[in-house]
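Colleague: Note that the protein sequences, when read in sequence, are chains A and B. For the first sequence, UniProt numbering begins at 1 and goes up steadily by one. For the second sequence, UniProt numbering begins at 1 and goes up steadily by one. Pasting a structure here, questions to come.
Number of protein chains: 2
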Amino acid sequence: MTAPGSGMAASVAVPLLLLGVAVVAAGCGYKSCPPTRPDLLNVHLVPHTHDDVGWLKTVEQYFYGVRNEVQHAGVQYILDSVVAQLVAEPTRRFIYAEVAFLARWWQLQDEATRDTVRQLVEQGRLELVGGGWSMADEAVTHYSAGLEQLGLGRGFLRRALGPCAPPRLAWQIDPFGHSRQSAATFAQMGYDGLFLGRVDHQDKAQREQRRELELLWRTSGSLRSPGSDLFTGILPNVYNPPTGFCWDQLCSDPPVVDGDSEENNVASIVSTFLDIATKQAEHYRTNHIIMTMGSDFHYENANLWFKNMDKLIAHVNAQQANGSRVHVLYSTPSCYLWELHQANLSWSLKMDDFFPYSDGPHQFWTGFFTSRPALKRYERLSNNFLQICSQLEALAGPAARDGPYGPGDSSVLREAVAVAQHHDAVTGTEKQHVANDYAKQLAIGWERCQLLVSNALSSLSGTKETFTFCNSLNISVCPLTEASSRFLVLLYNPLGRRVSWPIRLPVHGVSYTVTDPRGQPVPSEVVPVSIVTHGLRGNGIGAMQELLFQASAPALGFSTFTVTRSPHGHPRVPPVQPPVLPQPWDIHNEHLRVLFDPLTGHLKEIQNLAKNISLPVFQSYYWYNASVGNDESSQASGAYIFRPNSSEPIPVSVSKRISTSLVQNALVQEVHQTFSSWCSQVVRLYAGQPYVELEWTVGPIPVEDGWGKEIISRFQTPLQTRARFYTDSNGRQILERRRDYRPTWNLSQTEPVAGNYYPVTSRIFIKDKKVQLTVLTDRSQGGSSISDGSLELMVHRRLLYDDNRGVEEPLLEPGADRRGLVVRGRHLLLLDTVQAAADGHRLRAQELFMAPYPVLAPGGGALPTGPSSNACRSSQRCAGSCLPASIS
Amino acid sequence: MTAPGSGMAASVAVPLLLLGVAVVAAGCGYKSCPPTRPDLLNVHLVPHTHDDVGWLKTVEQYFYGVRNEVQHAGVQYILDSVVAQLVAEPTRRFIYAEVAFLARWWQLQDEATRDTVRQLVEQGRLELVGGGWSMADEAVTHYSAGLEQLGLGRGFLRRALGPCAPPRLAWQIDPFGHSRQSAATFAQMGYDGLFLGRVDHQDKAQREQRRELELLWRTSGSLRSPGSDLFTGILPNVYNPPTGFCWDQLCSDPPVVDGDSEENNVASIVSTFLDIATKQAEHYRTNHIIMTMGSDFHYENANLWFKNMDKLIAHVNAQQANGSRVHVLYSTPSCYLWELHQANLSWSLKMDDFFPYSDGPHQFWTGFFTSRPALKRYERLSNNFLQICSQLEALAGPAARDGPYGPGDSSVLREAVAVAQHHDAVTGTEKQHVANDYAKQLAIGWERCQLLVSNALSSLSGTKETFTFCNSLNISVCPLTEASSRFLVLLYNPLGRRVSWPIRLPVHGVSYTVTDPRGQPVPSEVVPVSIVTHGLRGNGIGAMQELLFQASAPALGFSTFTVTRSPHGHPRVPPVQPPVLPQPWDIHNEHLRVLFDPLTGHLKEIQNLAKNISLPVFQSYYWYNASVGNDESSQASGAYIFRPNSSEPIPVSVSKRISTSLVQNALVQEVHQTFSSWCSQVVRLYAGQPYVELEWTVGPIPVEDGWGKEIISRFQTPLQTRARFYTDSNGRQILERRRDYRPTWNLSQTEPVAGNYYPVTSRIFIKDKKVQLTVLTDRSQGGSSISDGSLELMVHRRLLYDDNRGVEEPLLEPGADRRGLVVRGRHLLLLDTVQAAADGHRLRAQELFMAPYPVLAPGGGALPTGPSSNACRSSQRCAGSCLPASIS
């Protein structure tokens, strides 16, 4: 994980190294490509459909073609129709990307149809591209889930469609900008190339001029090239056909009329096409160009497309007899790439990424980095649980699926998580009912995985507990712990190293005894549940306090803790008002001290005690006033696009002094800050933990004043950051960002705030030569450094206008009470030297996305009390009946 | 031609006599019908598409799918798709009606596809219905053209698709009301039944109650039943599928989701369908019901329809195991009719027709009887010329096609006339650009026929004249006659009897000599061209006078007249002011005297001199103020619908006295009346002709005042007509009409004017016990008798609002100058005894729709001067090389 620090990547001559192994190994693919004409300009028509795995309709609605009044789209018919039309004429080709739909369709086909499809794949007439279960977003997805969904898709293709099916080409034609880590994943998985649809309009225009729409992407700063280099092509028309050549039922371009008809338009169609091809060739470097012939949910009636393309090909090529230098053919991205490979050129090199994306002045697609923060967290947490579920499935073997708790199944959650990676799912750019459905599918997946986890834990522990899963611990709700005077906590740790993790459980008692797997007591405290949490649960519902203890669990294993209510004990210490002093007051643990301004109640300074670093940090919440369009541009802020109507955000707290209270005991020190009725924060130090936790609760965002609001947490420091800041790439790489600057092209900035926002999948930091302030997130958010020394993250947004990219709903997230969602999350703040910072944020980031997971049980079953005889060692891979180290 | 005078047709028990001959003779058809279940309610699903032969787009645009932004429709794809889907699953069936499109598609298919289609037809899986080139309108079409287009369609089907193809079922599902003559044509051609979509909503509701949606139509008052009886079925949902079961790409009903899916809706779909079927069965008499599964331009992607119907059939029939009494199957109207035949029931009898049609209160589709009067005239005239062209093609043999003037061809005009019969063509209910195209196609047909006529006349007459066709004689424009001092006029007469016909040709000379084929002089006059005609031609263009003579031509033959300008002669008599007298003045000939009111200039009285009848007739022009919608109904008057905002029309002439002038000579007497700057009339008596000709010129209708206007010519007499009047049925039958009354159902009248309008294809009359006043028209018009003794015809209309039936254009007919069209036409007024009236109006009506046609030539070619040795006699049929009696 290194910052490339590239600046403008020079146009370095790098030989094209792609294709070698894959071609020979597969024994199919490139050699089935159609013949081309070396003496002519070859136009590769690539018939394709782009089938969003949910957007305006749910996945099932899209598949079957339900709710066509919302959007006319039925994928079942697309695949029916394309297969029939490919069979009808052997020169035709088609590519398909979204495995989620293909697998859904495959279930319903008879064996004859499946054989037909396999043959079409073997013959290269039907080519799979991308290969993911969905076409994943690249800004807000974590690489871990990204790998999962690629593996799911490719696995299906290999099993169902044979060895020729798994794609060699990545096909990311619609995601709203492109990450280096996504490209790195493709490169490292052996993909030969990547095609993109959306890059910044200025970037594209400049690349057209320089003929650099095709390039070599060095996808890693740490891995060696050429293994991490990936040929990358930017398509000419996003993923649409050239203007006038859209022959789908969803389009209205005139068909080719070539008979004896008054509507005969062959001459004009051929001439227009030749003109377009010639102009397009000016932006590319070889005598081959590619045209995507299709768009969203096209080919439901493939005859329209193919019949007209058949005619186009015939009539355009017929002009060769009259001296035309253009040859048009059915092709695929692979076959196009094969020709580029033959050209044996050197391509310009790119080290950075393609964020942020804008499709016009003032139109930065940086709002979706934050849109639907609750869904973004649920997706992240779901992948976390999926990893746990998968691990336990592997560890427990068949008993995990077929156990006493019912049929356990990880595939439902795996598919739901894979679907959620889609670039209109976790992005938050779908209609509300579709967002609801993504969450519902995840919840169904959780249920099936919880059965699996129960089966696995039962099998591994040799007990039959009534395992309970408390899904609402984020608002301190758990019926078992609230009602029981004795219960068990099984903490499973999916990481490959031991972790220690604070456990908070709602309880009604004032004192509890906690013992570890060996029966040794574990320090615990009963702490008050915050007033804010009370409010979230509704009138007087739930426990008034939480039991807190630090639990430790072994690598890829679980620990069991026993909790017993003490018949007597000290009542909890209620929160107190912090001291009213002229000098700052603080909270601290052995690693850190956090100071607060006595006048305003704001965070004021952080000290790393071991490193002797002291950094003034002012932190507070603000809101950007969402643009509804203005004289410069009609663009409104919306689900996709972030556009504040002023670069100056407005403080959430209307008074200078925010209300605060203090909780302090041996295990935790907390400052509760209230910025407004809908925005609060707990600044927290756990004993022994080297980070400051900022637990924010934001919402319902009020919009009754007619203004959409985009809420940020901003940190202001005196660090000399020289316009630079750093954000991660899908949780796996770090890229340097520079305000009002792009490394490979000349930026004309139109949005001083939105144009400097970048996706923060897991972390963002600023630094000077010595000190680094890092913020880790529990989900993807948009972030930036709008002025030197400053760092901000957008945590929530609520908008009153649609941003005109197709959703046709404002991002209101009404929630059950229609007042708007309340969202709670955590920022972990790390202060360290620049040299040591990575060691800290890497580990903490892992613990955030692969957090241990507590399973509860009333106790009473026969639980193992000592180390299992065949426990896995942490250095050893577990498989089959090998039990994890359940106790250590 | 007799009036049925039926009154309410009693529910007479009449055995179903259909089917007998056709079934046995064809050796295919009914016996390929699917099995049904005698113990269950059988639901016959009839998959179909309704493909308008022009409406919002032209025929070619519909065929290819051009201009899909106007309406998504491409018939080429429909036929492609349906054939493929029929082949895919043998139980599926489909019916198709519009031969114009089928023939267009057929041209482009390879032999394998044609064979496939022939097999589908033979197996009854693809059934042709209707069989016309288009689905002809029934209100404004003439039976002559109707026969032509049925013959054209059926001929194609027989030749291309084999003996099973020509339909046994008439399928008039969209025309806006239904005529008795149309049904008679089908009956007399041997059709077994007729299905209708649109009948008056009150009529339908009452028939539903009485279970009389299926009936026996006695289609002729003069021909014997059962030969003229026709089974007639009224479809349940016009021609649409039941609500919720529209599975075309153009619909948005949910598909059948029957897999393991959250969207699974089988239970609700099956239950809804069973409910609909059961309710529908309550309106019909047997355990068989029919459902039309399709609509306008459906089945472009037939997979959607068929895949979902396959599932519907499977799931509905599966319920039989649970006691359901409903059996659903793919079927056709023929197979449905076959089951009705098996039921051996008696059906109620109907003698009248289905006009006018209304689909709701205040929504009478009686505007289209007049809409686009210029197109209506051009269509009528084109069929007239087509008959001439066809006759000459038969008379001259191959020389007519392959002659010295170029390739002659009657098929282009025949197809154009057939297309023009379509229920959105001659009706005037198409978009403006489509109306333009219909006219253009007719004009192209004229050109090809004119070549044929030239070839034929040259071959028949043995000469090589430069034949000239003056298409603008209606505005007195003809370059040849204007420029030449000597020319020939060849008058071809397509009727089977000799006719005498006034010829008017624009000339510049003041005196001409006209000689007949024998060289005998024919009386002629030079008369002034009216000031109105001058205005129509533009500034000072064209001749100031016309040469007039009465030309006679033999049955199915032509006469040649020689016209020579006299070097000297009397200058023409200019029009004079009529006498200003206190008593009436008149014009007269040997048959009639027409009197005018000296104060107002209006027609006042007509006398039949031979019969000694004298009838006061006041005639003038009025306009109805078109409704734009009001409190009672939002319905506006439009291309389809006539709805005046008051029952009292407004006089066109703002002053009581209209301006008049008089032309009188030995051959003609004319009174020129000017009602306004845009409405004038010539009242004319030709020497020897037994009618009063009213040549009206109306337009551009001014609408700048914001009011749409519907112009009528109204005749007011003292006849005691007892609410009755008489209109023809497609020019072949006469039906009695009664104000505010329908013979077979109880009318609740909502529009006292529009609800009493009827189509006048060729004539309308009123009478008392002795005297009949008949008006013959030169095109179809709407007409009525709004009060006793009154008779009116709507001659032109111009409207500012669309009437919400899909055209989405107001009927503005802008014309080249965007001021609106000027339309000129003729009413022939006959006054006779009731007993003798038919003898007169029948002959005159024939002469109007099969008028002789003048061909011009400069002369100089070797023309025959005596009777041809092998001329046909009028009693003899001509064929092959037999020459017509060119001179007699």
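Virtual Cβ for every residue (Gly too), placed ideally from N, Cα, C.
Could you list the residues in the region 292-326 of chain A with a C-beta less than 8 Å from some C-beta on chain B, going in chain order?
Modeller: Glu300, Asn301, Asn303, Leu304, Lys307
Colleague: Classify Met309 (chain B) as helix, strand or coil using the three-state DSSP reduction.
Modeller: Your numbering for residue 309 (chain B) matches position 309 in the second sequence. Three-state result, Met309 (chain B): helix.
Colleague: Just to confirm before moving on: does the CB-CB distance between Asp248 (chain A) and Ser182 (chain A) stay below 8 Å?
Modeller: Here the question's residue 248 (chain A) lines up with position 248 in the first sequence. Here the question's residue 182 (chain A) lines up with position 182 in the first sequence. Not in contact: Asp248 (chain A) and Ser182 (chain A) (Cβ atoms no closer than 8 Å).
Colleague: In this structure, what does DSSP give as the bridge partners for Ala136 (chain A)?
Modeller: For this step, residue 136 (chain A) is matched to residue 136 along the first sequence. Paired residues: A:His422.
Colleague: At which residues does the beta strand (DSSP E) containing Tyr622 (chain B) begin and terminate?
Modeller: The count along the second sequence starts at 1 and reaches residue 622 (chain B) at position 622. Where Tyr622 (chain B) is concerned, the enclosing beta strand (DSSP E) stretches over 613-625.
Colleague: Under 8 Å by Cβ, that's how I've got Ala857 (chain A) and Leu490 (chain A) pegged, so tell me the actual separation to the nearest angstrom.
Modeller: Reading the first sequence from its first residue, position 857 is the one you call residue 857 (chain A). Reading the first sequence from its first residue, position 490 is the one you call residue 490 (chain A). Indeed they touch by this definition, with Cβ atoms about 7 Å apart.
Colleague: Which class does Cys470 (chain A) belong to by DSSP, given the choice of helix, strand or coil?
Modeller: As a first step, residue 470 (chain A) must be located in the first sequence, where it is residue number 470. Note: Cys470 (chain A) maps to coil in three-state DSSP.
Colleague: Alpha carbons only, please: which of B:Lys767, B:Glu208, B:Arg207, B:Tyr640 is nearest the one belonging to His423 (chain B)?
Modeller: Walking along the second sequence from the start, residue 423 (chain B) turns up at place 423. Among B:Lys767, B:Glu208, B:Arg207, B:Tyr640, the Cα nearest to that of His423 (chain B) belongs to B:Tyr640.
Colleague: For the region 68-81 of chain A, which residues have a beta carbon sitting closer than 9 Å to at least one beta carbon of chain B?
Modeller: Listed in chain order, the positions of the region 68-81 of chain A with a beta carbon within less than 9 Å of a beta carbon of chain B are Asn68, Glu69, Val70, His72, Gly74, Gln76, Tyr77, Asp80, Ser81.
Colleague: Compare the beta carbon distance of Tyr757 (chain A) and Phe385 (chain A) with 8 Å and say whether it is the shorter of the two.
Modeller: Taking the first sequence and counting its residues from 1, one reaches residue 757 (chain A) at position 757. Taking the first sequence and counting its residues from 1, one reaches residue 385 (chain A) at position 385. In this structure, Phe385 (chain A) does not lie closer than 8 Å to Tyr757 (chain A) by Cβ.
Colleague: Out of curiosity, what's the CA-to-CA distance linking Ser500 (chain A) and Ile701 (chain A)?
Modeller: As a first step, residue 500 (chain A) must be located in the first sequence, where it is residue number 500. As a first step, residue 701 (chain A) must be located in the first sequence, where it is residue number 701. Between the C-alpha atoms of Ser500 (chain A) and Ile701 (chain A) there is a straight-line separation of about 35 Å.
Colleague: Per DSSP, what are the beta-bridge partners of Ser179 (chain A) in this structure?
Modeller: Residue 179 (chain A) sits at position 179 when you count from the first residue of the first sequence. Answer by DSSP bridge pairing: none, since Ser179 (chain A) is not bridged.
Colleague: Taking only beta carbons into account, state which residues of the region 106-135 of chain B come closer than 9 Å to chain A, listed in chain order.
Modeller: Gln107, Leu108
Colleague: Any beta carbon of chain B sitting closer than 8 Å to that of Ala416 (chain A)?
Modeller: For this step, residue 416 (chain A) is matched to residue 416 along the first sequence. In terms of beta-carbon proximity, Ala416 (chain A) stays away from the interface with chain B, with every pair separated by 8 Å or more.
Colleague: Name the chain B residues whose beta carbon is nearer than 7 Å to that of Glu447 (chain A)?
Modeller: Here residue 447 (chain A) refers to the residue found at position 447 when the first sequence is read from its first residue. Those within 7 Å of Glu447 (chain A) in chain B number zero; the least Cβ separation is about 14 Å.
Colleague: Within its chain, find whatever has a CB closer than 8 Å to the CB of Leu800 (chain B); leave out the 5 residues flanking it on each side and keep chain order.
Modeller: As a position in the second sequence, residue 800 (chain B) is number 800, starting the count at 1. Shown here for Leu800 (chain B): same chain residues with a beta carbon closer than 8 Å to its own, the five before and five after excluded, namely Ala626, Val628, Val703, Gly706, Trp707, Gly708, Pro810, Leu812 in chain order.
Colleague: Are the beta-carbon atoms belonging to Gln720 (chain B) and Asp788 (chain B) less than 8 Å from one another?
Modeller: Looking up residue 720 (chain B) in the second sequence gives position 720. Looking up residue 788 (chain B) in the second sequence gives position 788. Yes.
Colleague: Mind checking Ile541 (chain A): buried by the 16 CB within 10 Å criterion, or exposed?
Modeller: Along the first sequence, read from residue 1 onward, the residue named residue 541 (chain A) stands at position 541. That one is exposed.
Colleague: Mind pulling the chain A residues with CB within less than 7 Å of Val66 (chain B)?
Modeller: Here residue 66 (chain B) refers to the residue found at position 66 when the second sequence is read from its first residue. The answer, in chain order, is Pro254, Pro255, Val257, Glu263.
Colleague: Tell me the DSSP secondary structure of Ala184 (chain B) in three-state form.
Modeller: Along the second sequence, one-based indexing puts residue 184 (chain B) at 184. Correct three-state label for Ala184 (chain B): helix.
Colleague: Within 8 Å (strictly less), CB to CB, does Gln249 (chain B) reach chain A?
Modeller: Residue numbering aside, residue 249 (chain B) sits at position 249 when the second sequence is read from its first letter. Yes - at least one Cβ of chain A is within 8 Å of the one on Gln249 (chain B).
Colleague: Let's see if you can read the secondary structure: which residues bound the beta strand (DSSP E) around Glu632 (chain B)?
Modeller: Numbered from its first residue, the second sequence carries residue 632 (chain B) at position 632. Careful: Glu632 (chain B) lies outside any beta strand (DSSP E) and carries neither H nor E.
Colleague: Give a yes or no on whether 8 Å exceeds the smallest Cβ distance from Val99 (chain B) to chain A.
Modeller: Residue 99 (chain B) sits at position 99 when you count from the first residue of the second sequence. Not one chain A Cβ lies under 8 Å of Val99 (chain B).
Colleague: Within the continuous beta strand (DSSP E) that includes Ala97 (chain A), where are the two ends?
Modeller: Taking the first residue of the first sequence as 1, we reach residue 97 (chain A) at position 97. It is not in any beta strand (DSSP E) - Ala97 (chain A) carries neither H nor E in the DSSP assignment.
Colleague: Grab me the residues of Asp39 (chain B)'s own chain with a C-beta within less than 7 Å of its C-beta, minus the 5 sequence neighbours each way, in chain order.
Modeller: Working through the second sequence from its first residue, we reach residue 39 (chain B) at position 39. Excluding sequence neighbours, Asp39 (chain B) sits near nothing in its chain.
Colleague: Could you list the residues in the region 808-833 of chain A with a C-beta less than 9 Å from some C-beta on chain B, going in chain order?
Modeller: Among the residues of the region 808-833 of chain A, none has a Cβ less than 9 Å away from any Cβ of chain B.
Colleague: Compute the beta-carbon to beta-carbon distance between Asn42 (chain A) and Glu282 (chain A), rounded to the nearest angstrom, for a pair I have assumed lies under 8 Å.
Modeller: Taking the first residue of the first sequence as position 1, residue 42 (chain A) is located at position 42. Taking the first residue of the first sequence as position 1, residue 282 (chain A) is located at position 282. Not really, about 15 Å apart at Cβ, beyond 8 Å.
Colleague: Confirm the yes/no value for this check: CB of Thr777 (chain B), any heavy atom of the ligand PLP, distance under 7 Å.
Modeller: Absence of the ligand PLP from the depicted structure is noted, as is the absence of any ligand whatsoever, leaving it without description.
Colleague: Is the shortest distance between the beta-carbon of Glu60 (chain B) and the beta-carbons of chain A less than 8 Å?
Modeller: As a first step, residue 60 (chain B) must be located in the second sequence, where it is residue number 60. Judged by the 8 Å Cβ criterion, Glu60 (chain B) is in contact with chain A.
Colleague: Establish whether the CB of Ala84 (chain A) and some CB of chain B are separated by less than 8 Å.
Modeller: Position 84 of the first sequence holds residue 84 (chain A). Judged by the 8 Å Cβ criterion, Ala84 (chain A) is in contact with chain B.
Colleague: Does the Cβ of Val24 (chain A) have 16 or more other Cβ atoms within 10 Å, making it buried, or fewer, making it exposed?
Modeller: Locating residue 24 (chain A) in the first sequence gives position 24, counting from the first residue. Here Val24 (chain A) scores only 36 on pLDDT, less than 50, and its place in the model is too uncertain to base an answer on.
Colleague: Of all the options A:Gln520, A:Arg518, A:Ser524, A:Glu546, which has the alpha carbon lying nearest to the alpha carbon of Ile531 (chain A)?
Modeller: By 1-based counting over the first sequence, the position of residue 531 (chain A) is 531. With distances taken between Cα atoms, Ile531 (chain A) lies closest to A:Glu546.
Colleague: Just tell me which of B:Thr185, B:Gly153, B:Pro598 has its CA closest to the CA of Val99 (chain B).
Modeller: Translated into the one-based positions of the second sequence, residue 99 (chain B) becomes position 99. Of the candidates B:Thr185, B:Gly153, B:Pro598, the one whose C-alpha sits nearest the C-alpha of Val99 (chain B) is B:Gly153.
Colleague: Under 8 Å, Cβ to Cβ, is there at least one residue of chain A near Val270 (chain B)?
Modeller: Stepping through the second sequence from its first residue, residue 270 (chain B) is reached at position 270. By this cut-off, Val270 (chain B) is not an interface position.
Colleague: Is it the case that the region 75-95 of chain B contacts the region 105-124 of chain B, given that we only count it when at least three CB pairs across the two stretches are under 8 Å?
Modeller: yes
Colleague: Per DSSP, what kind of secondary structure is Ser144 (chain B) in: helix, strand or coil?
Modeller: Position 144 of the second sequence, counted from the start, is the residue given in the question as residue 144 (chain B). Ser144 (chain B): helix per DSSP, three-state reduction.
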